[in-house]
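In the numbering used here, the protein residues as written are 1 to 325. What follows is a single structure, written as structure tokens, with notes after it.
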Amino acid sequence: MEKTPQNGESPTITVAEFVARAPEVLPLSFLAGAGGAAGRWLRTPRIQKLGLALAGFPHYVHEGRVQIVGASELQFLGQLSSAERSAAVARLELEKISCVLVTKGLTPPAELVEACDGAVLPLIQTTLVSSVAITAITEYLEEVLAPRETRHGALLDLYGLGVLIEGKSGVGKSECALDLIMRGHQLVADDVVEIRRRRPGLLMGGAPDLLREHMEIRGLGILNIRELFGVSAVSGPKHLGLDIKLVRWGEAGDVDRLGLEERTVDILGVAVPYYVLPVSPGRNLATLVETAVRVHLMRLRGYNAAERFVARHDAGLKREGAGDD
Numbered sequence: 001m002e003k004t005p006q007n008g009e010s011p012t013i014t015v016a017e018f019v020a021r022a023p024e025v026l027p028l029s030f031l032a033g034a035g036g037a038a039g040r041w042l043r044t045p046r047i048q049k050l051g052l053a054l055a056g057f058p059h060y061v062h063e064g065r066v067q068i069v070g071a072s073e074l075q076f077l078g079q080l081s082s083a084e085r086s087a088a089v090a091r092l093e094l095e096k097i098s099c100v101l102v103t104k105g106l107t108p109p110a111e112l113v114e115a116c117d118g119a120v121l122p123l124i125q126t127t128l129v130s131s132v133a134i135t136a137i138t139e140y141l142e143e144v145l146a147p148r149e150t151r152h153g154a155l156l157d158l159y160g161l162g163v164l165i166e167g168k169s170g171v172g173k174s175e176c177a178l179d180l181i182m183r184g185h186q187l188v189a190d191d192v193v194e195i196r197r198r199r200p201g202l203l204m205g206g207a208p209d210l211l212r213e214h215m216e217i218r219g220l221g222i223l224n225i226r227e228l229f230g231v232s233a234v235s236g237p238k239h240l241g242l243d244i245k246l247v248r249w250g251e252a253g254d255v256d257r258l259g260l261e262e263r264t265v266d267i268l269g270v271a272v273p274y275y276v277l278p279v280s281p282g283r284n285l286a287t288l289v290e291t292a293v294r295v296h297l298m299r300l301r302g303y304n305a306a307e308r309f310v311a312r313h314d315a316g317l318k319r320e321g322a323g324d325d
């Protein structure tokens, strides 16, 4: 079974789970060593071809990866005698290998099949050619093995941007999210937000299967947003581009009054733009959040109203100073 990681840790998956959960575009089946699949682990989406190891350099084999045997590797083995093939396979240090995948529906030599059966090493076959199989495996494992973190808050799609709304319990996160949904924005996740780093710099946020499309509002209970507001009110996983924290007015501390400060918060090693919005009775949170998103989108396009205001102010002071002279 896939290990459930702590926040920020990378999960792992057994070879048995890798085969059982593979998408339809990646057909996989066992040829040998299926009994050891539950005890062999994959730890990275990177794959490796076994050609160099079969040629006599087994120390280049990396643990925790899918090892590919394609047409070129099988052609090399086919040029060897049976004794030479057995020796080449024996040098592989099979106990360090997670699994071997034969591509293009090719038939591996008997020496490899027997060695995998003897070492209880999963030998898997796919009908895909090596290049297509590598792409499919990489995409599949990037999703399954992505470093992940769980945050308490609400994630919405606002103007095409994934916005995480955080804050202490009772500050009004879900109510703010509901108001934003009423304004035409989309719910991605409420209460429990699962964030994964798919690749450097890219965070994807979504909801656990059980909670997807649902919200909990105090006094109303559990709401199915899709049924209440229609399919356009919900969204699947979204790229996380902005983090907004709602803070009670008395706990806000120093707040940037001009908007010159550009804060970020670290999530899984990625610097995410970050706003702190003080909350008090009478403040329209949904409007504030929408405005914060618009400000952020304008900054992404190179426009910063605060910087332009300060520049105009400084220029005015200089003109006044020159006039006094």
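Glycine residues also receive a C-beta, built at the ideal position from the N, C-alpha and C atoms.
Query, Result
"Segment contact, 8 Å Cβ cut-off, at least three pairs: the segment 154–171 with the segment 180–193", "yes"
"Simplified DSSP assignment, three categories, for Q79", "coil"
"Distance CB(V100)-CB(Q67) smaller than 8 Å", "yes"
"Contact test: E73 Cβ vs the ligand MN heavy atom, cutoff 7 Å", "As presented, the structure is devoid of all ligands, the ligand MN included, so that no description of it is given."
"V295 in three-state terms, based on DSSP", "helix"
"Own chain partners of C176 with C-beta closer than 8 Å, once the 5 adjacent residues on each side are dropped", "A154, I165, L246, L285, A286 and V289"
"Whole beta strand (DSSP E) elements within the segment 20–44, 3-residue minimum", "29–32"
"For L141, the first and last residue of its enclosing alpha helix (DSSP H)", "S130 to V144"
"Helix, strand or coil at V69 according to DSSP, with G and I counted as helix", "strand"
"Selection from V144, A136, Y60 and A34 that minimises the alpha carbon distance to T12", "V144"
"Within 8 Å, strictly: CB atoms of I222 and E213", "no"
"DSSP-derived helix/strand/coil call for E262", "coil"
"Distance between G105 and L128 (C-alpha atoms, nearest Å)", "7 Å"
"For V272 and V15, the rounded distance between their alpha carbons", "34 Å"
"Residues of its chain near V265, where Cβ-Cβ distance is below 7 Å and the 5 sequence neighbours each way are ignored", "D243, V272 and Y274"
"Cβ pair L31, L123 closer than 8 Å", "yes"
"With 16 other Cβ atoms within 10 Å as the buried cut-off, status of A207", "buried"
"Selection from A88, L277, P45 and E73 that minimises the alpha carbon distance to F57", "A88"
"Status (buried if at least 16 other CB within 10 Å, exposed otherwise) for M1", "At M1, the pLDDT of 46 sits below 50, so the modelled position is not reliable and the matter cannot be decided from this model."
"Top-ranked residue by Cα proximity to E24, from V293, I181 and A133", "A133"
"Buried or exposed (CB count within 10 angstroms, at least 16 for buried), M182", "exposed"
"Chain-order list of residues whose beta-carbon lies under 7 Å from that of I97 (same chain, five-residue window excluded)", "V61, Q67 and L121"
"DSSP state of I267 mapped onto helix, strand, coil", "strand"
"Proximity winner among G64, T107, R65 and L268, relative to L77 (alpha-carbon distances)", "T107"
"Buried versus exposed call for Q75 [16 or more other C-beta atoms within 10 Å across all chains shown]", "exposed"
"Distance CB(A22)-CB(Y140) smaller than 8 Å", "yes"
"Supposed close pair L50, E73 - CB separation, criterion 8 Å", "6 Å"
"N- and C-terminal bounds of the beta strand (DSSP E) containing K238", "K238 to R248"
"Through-space distance from L297 to R263, alpha-carbon basis", "15 Å"
"Exposed unless 16 or more other CB atoms sit within 10 angstroms - verdict on S169", "exposed"
"Closest residue to V163 among W249, D314, A136 and M204 (Cα-Cα distance)", "M204"
"CB contact flag (R197, G269, <8 Å)", "yes"
"T287 in three-state terms, based on DSSP", "helix"
"R151 versus A315, H239, A115 and I267, residue with shortest Cα-Cα distance", "I267"
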